[in-house]
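If you're matching positions, the sequence shown starts at 41 in the working numbering and goes up one per residue. Notes for the one structure printed next.
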Amino acid sequence: MAIVAMLLGLALVACLSLGKVPLPPHELRAALMAPGSDIGLIVWQLRLPRTLLGVMAGGALALSGWLLQQVVRNPLASPDTLGVTGGASAGAVCYLAFLASTLGSTWLPLAAATGALTAVGLVYAMAWQQGVTPLRLVLMGIGLSAMLAAVTTFVLLSSPLSTTLSAYVWLTGSVYGSNWTEVLRLASWFAGALLMMVPLMRFALLASLDDALAVGIGVRVQLSRGTLTLLAAGLAGIAVAWGGAIAFVGLVAPHLARRLVPGPGAAQIVMASMIGSVMVILADLLGRTLFLPLDLPAGIFVAAVGAPFFLGLLIWQVR
41 MAIVAMLLGL
51 ALVACLSLGK
61 VPLPPHELRA
71 ALMAPGSDIG
81 LIVWQLRLPR
91 TLLGVMAGGA
101 LALSGWLLQQ
111 VVRNPLASPD
121 TLGVTGGASA
131 GAVCYLAFLA
141 STLGSTWLPL
151 AAATGALTAV
161 GLVYAMAWQQ
171 GVTPLRLVLM
181 GIGLSAMLAA
191 VTTFVLLSSP
201 LSTTLSAYVW
211 LTGSVYGSNW
221 TEVLRLASWF
231 AGALLMMVPL
241 MRFALLASLD
251 DALAVGIGVR
261 VQLSRGTLTL
271 LAAGLAGIAV
281 AWGGAIAFVG
291 LVAPHLARRL
301 VPGPGAAQIV
311 MASMIGSVMV
321 ILADLLGRTL
331 FLPLDLPAGI
341 FVAAVGAPFF
351 LGLLIWQVR
């Protein structure tokens, strides 16, 4: 955990130092001490909000993936496979296509979060048959994700070109143009989700048990499973709402955390959150430095790492 925390700290310093205007350590220190100076504005108004938003979005996606993998009892579970990301994407694209011209972009995060929670509600309702099993939850989530992807594509094809371009950047996943208002809003929602997660931790740790064993020790399986799934959807929804549909973070980060911290508990959750934050901010750093003057979405680089990881994990599971 010390090594990963050190990596997170180094990634934060790199994100604040590197860009179109590189800042050596002494200039970065001066910029942090003088927010009103020219270089201070670069750090405080451009880089720091963007970096903090990436930290929280990555951490929320990782926590969501950890909860879903506990509930489904499968390391392949993630917000992407259970329809959460698809619902958020569909909600955001529909808002951009039909409401953004009159209401502006202020309510875009709410539309994305509403789409995510609605998708989870539909998955749970379709999977219910005198209770919900992890296998039915995954199968319904995959099916609904495909349907929502079709809806998103149809709306994009029937929208004006300007709407399509802005929606495509959001669907790829980007923290470009973040400001302090967005950081504070995401921080308030993230803090609320964490407070809700604290009393549910004991159920999250028992979610990986067999249903019969869990019932035998007094766990209300269906209630705890539904509550944890809803909380995971909320975490992924707020992350996607402000950071865009960044794929694979909720899959890769919890799996790596389990490798590094074998026992489930607070240490494993903190590890997953830190790994998710590192993934997002390093991907954003690569997107804005490797192809200057272009500023590419962070989701491209996360997918470049996450897709091979997912295929390797799938092959390992089959074998």
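Note that CB positions come from ideal geometry on N, CA and C, so glycine has one too.
Next item on the list: Please classify Ser313: does DSSP put it in a helix, a strand, or coil?
Entry: Looking at Ser313 - three-state DSSP - the assignment turns out to be helix.
Note to self: Closer than 8 Å is the cut-off here; do at least three beta carbon pairs connect the stretch 293-308 with the stretch 138-145?
What the structure shows: no
Next item on the list: Report back the beta-carbon spacing between Ile286 and Ala100 to the nearest angstrom; my notes put them in contact at under 8 Å.
Entry: Not confirmed; about 10 Å, so no contact.
Item checked: Cβ-Cβ distance between Gly290 and Ser104 below 8 Å -> yes
Check: Which residues bound the alpha helix (DSSP H) around Arg359?
Finding: Here Arg359 belongs to no alpha helix (DSSP H), and DSSP marks it neither H nor E.
Note to self: Whether or not the stretch 335-346 and the stretch 206-219 are in contact is what I'm after, with contact meaning three or more pairs of Cβ atoms, one per stretch, closer than 8 Å; do they touch?
What the structure shows: yes
Notebook entry, point to check: How is Met41 classed by DSSP in three states: helix, strand or coil?
Noted result: coil
Note to self: For Gln109, which residues in the same chain have their Cβ closer than 7 Å to its Cβ, ignoring the five residues on either side in sequence?
What the structure shows: Here the set comprises Pro115, Ala117 and Pro294.
Check: In angstroms, rounded to a whole number, what distance separates the CA positions of Leu205 and Phe243?
Finding: 42 Å
Check: Roughly how far, in whole angstroms, is the beta-carbon of Val61 from the beta-carbon of Ala71, given that I think they are within contact range, below 8 Å?
Finding: Separation of the CB atoms of Val61 and Ala71 is rounded to 10 Å, and the pair is thereby denied contact status at 8 Å.
Note to self: Quick check: the stretch 159-172 against the stretch 180-195, are at least 3 beta-carbon pairs closer than 8 Å?
What the structure shows: The stretch 180-195 vs the stretch 159-172: in contact.
Note to self: Suppose the cutoff is 6 Å on Cβ atoms and the five residues either side in sequence are ignored; what does the same chain contact list for Asn219 look like?
What the structure shows: Pro89
Margin query: I'd like to check one pair, Phe341 with Leu326: are the Cβ atoms closer than 8 Å?
Written below: yes
Notebook entry, point to check: Rounded to a whole number of angstroms, what is the C-alpha to C-alpha distance between Gly59 and Ile315?
Noted result: 22 Å
Check: What span of residues does the alpha helix (DSSP H) with Gly155 cover, start to end?
Finding: Per DSSP, the unbroken alpha helix (DSSP H) holding Gly155 starts and ends at Leu148 to Ala167.
Next item on the list: Note down, one range per segment and in chain order, each alpha helix (DSSP H) of at least 4 residues found wholly within the stretch 72-108.
Entry: 78-81
Next item on the list: Measure the CB-CB distance between Val111 and Ala247 and report whether it falls below 8 Å.
Entry: yes
Next item on the list: Consult DSSP for Ala276 and reduce its assignment to one of helix, strand or coil.
Entry: Residue state for Ala276 is assigned as helix, using DSSP reduced to three classes.
Notebook entry, point to check: Roughly how many angstroms separate the alpha carbons of Gly284 and Leu271, rounded to a whole number?
Noted result: 19 Å
Notebook entry, point to check: Do the CB positions of Ala233 and Leu179 come within less than 8 Å of each other?
Noted result: Leu179 is positioned such that its CB atom lies no closer than 8 Å to that of Ala233.
Margin query: Just to confirm the assignment: which complete alpha helix (DSSP H) runs, minimum length 4, are found wholly within the stretch 228-291?
Written below: 251-256 and 261-283
Margin query: Let's see if you can read the secondary structure: which residues bound the alpha helix (DSSP H) around Arg176?
Written below: Pro174 to Leu197
Check: Who are the Cβ neighbours of Thr92 in its own chain at under 6 Å, not counting the five residues just before and after it?
Finding: First, the residue type needs correcting, since residue 92 is Leu and not Thr in the sequence shown. Here the set comprises Val223.
Margin query: Do Val133 and Gln262 have their beta-carbon atoms positioned less than 8 Å apart in this structure?
Written below: no
Notebook entry, point to check: Buried or exposed: where does Asp324 fall if 16 or more other Cβ atoms within 10 Å of its Cβ makes it buried?
Noted result: buried
Next item on the list: Mind reading off the beta-carbon distance from Leu122 to Leu177? Whole number of angstroms is fine, and I expect it under 8 Å.
Entry: 7 Å
Check: Which of the three DSSP states, helix, strand or coil, is assigned to Thr121?
Finding: coil
Next item on the list: Output the boundary residues of the alpha helix (DSSP H) element that contains Ser214.
Entry: Ser214 -> no alpha helix (DSSP H), and no H or E assigned at all.
Check: Going by other Cβ atoms of all chains shown within 10 Å of its Cβ, with 16 needed for buried, is Arg265 buried or exposed?
Finding: buried
Margin query: Taking the alpha carbon of Thr269 as the reference point, which residue from Pro200, Ala254 and Leu240 has its own alpha carbon closest?
Written below: If we check each option's Cα against that of Thr269, Leu240 comes out closest.
Check: Distance, Cα to Cα, Ala45 vs Ala231?
Finding: 20 Å
Check: Exposed or buried, which one is Ala344 when buried takes at least 16 other CB atoms within 10 Å?
Finding: exposed
Next item on the list: Could you please give the first and the last residue of the uninterrupted alpha helix (DSSP H) stretch that includes Leu143?
Entry: Ala140 to Leu143
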